[in-house]
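All letters in the sequence shown, in the order written, are residues 1 to 137 by full-length UniProt numbering.
Heads up, the beta-carbon is just placed ideally off N, CA and C, and yes, glycines get one too.
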Amino acid sequence: MLKGSCVCGDFTYELSEGAPEAVLICHCIPCQKTAGPNGSYNVIVKEDEFKQLSGISKPFVRKGESGKNISYDLCDNCGTIMGCSIDAMPGVYNVKAGTLDDRGYWEKNGKPVQEIFTRNRPSWCGEFQGADQKNGA
């Protein structure tokens, strides 16, 4: 079972055994604003595989490129973005990969299978070998 936490440690969660479904990198402008120009690593899980254990979630909602809502969960204390639900992707939850506590996970399982919004990827940031490339979402 994978566990994760925010920067201050107040917001903690666990992912059910068998999660995640996939790892992807998003190069959309909002993800670049929060994670840097080379994009945001996201661990995709089924909604019911994400369980918040402690802390208070501060919600933030914005419209995605599709016109549908993206609902973020932030730690109410330190503001770390923990993940988001995307109405255009029903049934899944996008966990911000950097919040996982097991740093060794990335060596074994962290290779992205897909990059999205590649049209925003900086020219100096090459594509990940073997990852499906999508210009949009």
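Cα-Cα separation between C28 and P37, rounded to whole angstroms: Locating residue 28 in the sequence shown gives position 28, where the first residue counts as 1. Locating residue 37 in the sequence shown gives position 37, where the first residue counts as 1. Spanning the two alpha carbons is a distance of roughly 9 Å.
Inter-stretch contact (C-beta, 8 Å, three-pair minimum) for the region 102-109 and the region 58-69: No contact exists between the region 102-109 and the region 58-69.
Backbone secondary structure at T99 - three-state DSSP: Locating residue 99 in the sequence shown gives position 99, counting from the first residue. Helix.
Beta-carbon spacing of D101, G18 below 8 Å: Along the sequence shown, one-based indexing puts residue 101 at 101. Along the sequence shown, one-based indexing puts residue 18 at 18. With respect to the 8 Å criterion, D101 and G18 are not classified as neighbours on the basis of their beta carbons.
Backbone CA spacing between L53 and Y93 [nearest angstrom]: Here residue 53 corresponds to residue number 53 of the sequence shown, with the count starting at 1. Here residue 93 corresponds to residue number 93 of the sequence shown, with the count starting at 1. If you take the alpha carbons of L53 and Y93, they lie about 16 Å apart.
Test item: CB-CB of D73 and P59 under 8 Å: The count along the sequence shown starts at 1 and reaches residue 73 at position 73. The count along the sequence shown starts at 1 and reaches residue 59 at position 59. It is a contact, given that the beta carbons lie within the stated cut-off.
Euclidean distance between Cα positions of Q114 and L24: Numbered from 1 along the sequence shown, position 114 holds the residue referred to as residue 114. Numbered from 1 along the sequence shown, position 24 holds the residue referred to as residue 24. Roughly 5 Å between the two C-alpha positions.
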